[in-house]
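Inspection log for the structure reproduced underneath, given as structure tokens.
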Amino acid sequence: MNFSLEELKNNLIQRGEKPFRASQIFKSLHSGLNFCDMTDVSKEFRAKLNEEFIDQPVEIVESVKSVDGTEKFLFKLPDGNLIESVLMKYKYGYTICISTQVGCRMGCAFCASGLDGLVRNLEPAEMLGQIIMVNKYLGGGIADKRKIINVVLMGSGEPLDNYDNTIKFLRLVSEKGGINISPRNVSLSTSGLVPQMYKLAEENIDINLTVSLHFPFDDERKEIMPIAKAYSINEILSACENYFNKTGRRYIFEYVLINQKNDTKRHADKLIELFAGKPCHVNLIRLNEVKENQLKTVTDKNAYRFLGLLEKGGLSATLRRRMGADIEGACGQLRRRYINDIKNNSKMEDNYEKN
Ligand code: SAH
Ligand code: SF4
Numbered sequence: 006m007n008f009s010l011e012e013l014k015n016n017l018i019q020r021g022e023k024p025f026r027a028s029q030i031f032k033s034l035h036s037g038l039n040f041c042d043m044t045d046v047s048k049e050f051r052a053k054l055n056e057e058f059i060d061q062p063v064e065i066v067e068s069v070k071s072v073d074g075t076e077k078f079l080f081k082l083p084d085g086n087l088i089e090s091v092l093m094k095y096k097y098g099y100t101i102c103i104s105t106q107v108g109c110r111m112g113c114a115f116c117a118s119g120l121d122g123l124v125r126n127l128e129p130a131e132m133l134g135q136i137i138m139v140n141k142y143l144g145g146g147i148a149d150k151r152k153i154i155n156v157v158l159m160g161s162g163e164p165l166d167n168y169d170n171t172i173k174f175l176r177l178v179s180e181k182g183g184i185n186i187s188p189r190n191v192s193l194s195t196s197g198l199v200p201q202m203y204k205l206a207e208e209n210i211d212i213n214l215t216v217s218l219h220f221p222f223d224d225e226r227k228e229i230m231p232i233a234k235a236y237s238i239n240e241i242l243s244a245c246e247n248y249f250n251k252t253g254r255r256y257i258f259e260y261v262l263i264n265q266k267n268d269t270k271r272h273a274d275k276l277i278e279l280f281a282g283k284p285c286h287v288n289l290i291r292l293n294e295v296k297e298n299q300l301k302t303v304t305d306k307n308a309y310r311f312l313g314l315l316e317k318g319g320l321s322a323t324l325r326r327r328m329g330a331d332i333e334g335a336c337g338q339l340r341r342r343y344i345n346d347i348k349n350n351s352k353m354e355d356n357y358e359k360n
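Per this note's numbering, the sequence shown starts with residue 6, numbered consecutively.
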């Protein structure tokens, strides 16, 4: 499933197969079918494909639904690794938040995904597979039968640290004849890998760019986000402006509100100074508390006060509604719980055997 339609066509031609088969297979894979279900392909050829390729690289292991309708999916990969996606329902349709790596090596203090470092990069097909499997789960197909409208790369992992696979995925997801989601409906979130942000601007893929800023001061940002030691906020802003100049797409800053760390008037004033008059938007998010660290989420009162300060200062800003708080909404939390449960179970089994 890593193949683009063109690559699949070339591969089939080399095998002496008819090129039109490529469109059939591409369409079926993007609809979530396995080779064995592709009844429009001969049995012998299906068997050959099965021997050589993996049709659907992700498998849903568990899904948990929140009282607010947010649903979290845990997937198993061919090598046994686990990843997560979160599905959110809005008035206009579904948005899926997908993972781009198993774990993450950026080590932000508030994030569950980075706690154990990076395990491995996801393949393009493993990113795409999360969308395809959940779309199928929702009863959706491709083209006008698709249920998922928007995709955000905001699950576990730093997409720009898995640059080539992410770019390949971004091209695959919008291919005609496949799941075909327009780049305008795709958003990529980065912790601010400046050189890759410049590279992305040259790719001619006009997706929405979101940067996890979280602090307007470099010294405070460095304490919570190690990547801030490599790139300053000013360098990030220049990279965002370059992205805007090249693509015409407004950029968004994510700002996770952490009690008494970044939710004061001093922080709001600095954000206003940095962003007033710029073609950007600030998305405030309440911290989802992770039990492995001491950071506390913001009170509702302070969250609205902070939003009010930004708006008064002329910034375009919103406070994201709390979603999936009861299902461990923050990226990486369900996966961690599942892995810990497995570890605890096997520890219990060990103890049982020892007794
Ligand atoms: N690595 C990328 C994309 C994945 S993280 C990035 O950092 O942007 C997606 C978003 O979730 C980021 O804005 C991140 O800061 C936020 N996030 C991580 N842990 C969180 C938590 N515990 N509570 C709220 N948001 C969190
Ligand atoms: Fe990685 Fe993003 Fe989590 Fe930071 S917030 S550790 S960059 S996934």
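Ideal Cβ placement from N, Cα and C applies to all residues, glycine included.
Cutoff 6 Å; reference residue i; Cβ partners in own chain excluding five residues on either side
{"i": "F220", "result": "R226, N267"}
{"i": "K236", "result": "The residue asked about is misnamed: residue 236 is Tyr in this sequence, not Lys. Answer for Y236: G197, V199, listed in chain order."}
{"i": "D121", "result": "G108"}
{"i": "M6", "result": "L34, A130"}
{"i": "L314", "result": "A273"}
Any non-hydrogen atom of ligand 1 closer than 7 Å to residue i Cβ
{"i": "A308", "result": "no"}
{"i": "M159", "result": "yes"}
{"i": "H272", "result": "no"}
{"i": "C116", "result": "yes"}
{"i": "E259", "result": "yes"}
{"i": "N185", "result": "no"}
{"i": "V107", "result": "no"}
{"i": "S68", "result": "no"}
{"i": "S192", "result": "no"}
{"i": "N155", "result": "no"}
{"i": "V3", "result": "With the chain covering only 6 through 360, there is no way to say anything about residue 3."}
{"i": "I290", "result": "yes"}
Contacts around residue i, its chain only, beta-carbon distance under 8 Å, and the 5 residues preceding and following it disregarded
{"i": "Q19", "result": "none"}
{"i": "E12", "result": "none"}
{"i": "P231", "result": "M111, G112, C113"}
{"i": "S362", "result": "This structure cannot speak to residue 362, because the chain is shown only from 6 to 360."}
{"i": "G119", "result": "G108, C109, R110, M111, G112, C113, G337"}
{"i": "F8", "result": "N16, F31"}
{"i": "G37", "result": "Q61, I137, M138, N140, K141"}
{"i": "G319", "result": "I277, A281, G282"}
{"i": "C41", "result": "R51, N55"}
{"i": "E316", "result": "A322"}
Contact test: residue i Cβ vs ligand 2 heavy atom, cutoff 7 Å
{"i": "C4", "result": "What is shown of the chain runs 6 to 360, which leaves residue 4 out entirely."}
{"i": "C41", "result": "no"}
{"i": "E162", "result": "Reading off the sequence shown, one finds Gly at residue 162, where the question assumed Glu. Indeed, a heavy atom of ligand 2 lies less than 7 Å from the Cβ."}
{"i": "G112", "result": "yes"}
{"i": "S217", "result": "yes"}
{"i": "G122", "result": "no"}
{"i": "G119", "result": "yes"}
Cut-off 7 Å between Cβ atoms - residues of its own chain near residue i, not counting five sequence neighbours on either side
{"i": "M43", "result": "I30, S33, R51"}
{"i": "R291", "result": "L262, T302, V303, A308, R327"}
{"i": "M39", "result": "Per the sequence shown, the amino acid found at residue 39 is Asn instead of Met. Answer for N39: D60, Q61, listed in chain order."}
{"i": "K359", "result": "Residue placement at K359 is flagged as unreliable, the pLDDT there being 36, under the threshold of 50; the coordinate-derived value follows with that caveat. Counting only Cβ-Cβ distances below 7 Å, and skipping sequence neighbours, we find nothing."}
{"i": "P24", "result": "K14, L17, I18"}
{"i": "G146", "result": "S36"}
{"i": "D169", "result": "none"}
{"i": "F115", "result": "I229, V261, I263, L292, V295, N298, L300"}
{"i": "K234", "result": "K227"}
Where residue i falls, given that 16 or more other Cβ within 10 Å makes a residue buried
{"i": "N209", "result": "exposed"}
{"i": "K14", "result": "buried"}
{"i": "V157", "result": "buried"}
{"i": "K77", "result": "buried"}
{"i": "P83", "result": "exposed"}
{"i": "V91", "result": "buried"}
{"i": "S47", "result": "exposed"}
{"i": "D166", "result": "buried"}
{"i": "V63", "result": "buried"}
Contact test: residue i Cβ vs ligand 3 heavy atom, cutoff 7 Å
{"i": "T195", "result": "Because ligand 3 does not appear in the structure shown, any question about it cannot be addressed here, the ligands present being ligand 1 and ligand 2."}
message = Could you tell me which whole beta strand (DSSP E) segments of length 3 or greater appear in the region 8 to 87?
response = 64 to 70, 76 to 81
request  = Within the region 210 to 264, note down every full beta strand (DSSP E) run reaching 3 residues or more, in order along the chain.
outcome  = 213 to 217, 256 to 262
message = Can you confirm whether the region 282 to 300 touches the region 248 to 258 when touching is taken to mean that 3 or more C-beta pairs between the two stretches lie within less than 8 Å?
response = yes
task = Check whether the region 92 to 110 touches the region 48 to 67, counting contact only when three or more Cβ pairs, one atom from each stretch, lie closer than 8 Å.
result = no
inquiry  = For the pair the region 188 to 196 and the region 145 to 156, tell me if three or more CB-CB distances fall below 8 Å.
reply    = yes
task = Report the residue ranges of all alpha helix (DSSP H) runs contained in full by the region 114 to 201; include only those spanning at least 4 residues, in chain order.
result = 129 to 142, 168 to 178
ask   = Quick one: any contact between the region 127 to 138 and the region 240 to 252, if contact means 3 or more CB pairs under 8 Å?
value = no
Sequence ranges, alpha helix (DSSP H) only - wholly within the region 297 to 329, length at least 4 = 305 to 317
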